[in-house]
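In the numbering used here, the protein residues as written are 23 to 178.
1. Would you check if the distance between the CB atom of residue 38 and the CB atom of residue 57 is smaller than 8 angstroms?
2. To the nearest whole angstrom, what separates the beta carbons of residue 137 and residue 148, a pair I think is in contact under 8 angstroms?
3. By DSSP's criteria, residue 116 is part of a beta bridge. Which residues make up the other side?
4. Can you grab the Cα-Cα spacing for the pair residue 67 / residue 125, in whole Å?
5. Alpha carbon to alpha carbon, how far is residue 127 from residue 113? Give it in angstroms, no decimals.
6. Counting along the chain, where does the alpha helix (DSSP H) carrying residue 59 start and finish?
7. Assign residue 60 to one of two classes, buried (16 or more other C-beta atoms within 10 Å of its C-beta) or exposed (fewer than that).
8. Where does residue 53 fall in DSSP's three states?
9. Quick check: the Cα distance between residue 50 and residue 32, rounded to an integer number of angstroms?
10. Among 47, 143 and 122, which has the Cα closest to the Cα of residue 157?
In structure tokens:
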């Protein structure tokens with residue numbers, strides 16, 4: 023919404039992989055709908071991108087993480103804010119995130135798990151069973167990502 027006045031309208035307004043990080047989703051959806059003359063397309067993951075870290079968070083901090091939000095929550099928000107039921111397609115794609123070293127894994131995951139530097143080796147022990155090495159690449163977790171594409175036509 024902050025840059026909306028600088029952006030032209032087009033037939034379709036799109037965004038991908040951002041809605042879980044939008045602090046106030048209503049103005050975002052209103053802006054997308056305004057800028058898409060024909061409609062809007064939104065791509066997101068089926069659940070919050072960090073939800074896969076919940077077991078590690080539990081093991082390290084002995085605390086449960088929230089179960090959401092999920093794409094279903096987003097569908098409800100679209101229905102409420104835009105007064106329209108979006109079309110939904112769920113699909114999978116190959117995982118794209120890989121790293122070159124355990125230091126990278128521990129730095130990245132350690133930050134997301136709010137883990138002090140002195141405890142990063144504990145994290146390595148937890149992640150090792152879920153880490154796959156392929157050539158010079160390391161992959162943590164599943165090699166597929168479940169995605170959701172939502173779209174709706176604007177009634178103008």
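Even glycine gets a Cβ: it sits at the ideal position worked out from N, Cα and C.
Walking through what the data contain:
1. With respect to the 8 angstroms criterion, residue 38 and residue 57 are not classified as neighbours on the basis of their beta carbons.
2. That pair is no contact at about 10 angstroms.
3. Residue 116 is bridged to 166.
4. If you take the alpha carbons of residue 67 and residue 125, they lie about 26 angstroms apart.
5. So the alpha carbons of these two residues sit roughly 27 angstroms apart.
6. Element bounds for residue 59: not the alpha helix (DSSP H) but the beta strand (DSSP E), 58 to 67.
7. The residue is exposed, with fewer than 16 neighbouring Cβ atoms inside 10 Å.
8. Reduced to three states, the DSSP call for residue 53 is helix.
9. Taking the CA atoms as reference points, residue 50 sits about 16 angstroms from residue 32.
10. It is 122 whose Cα lies nearest to the Cα of residue 157.
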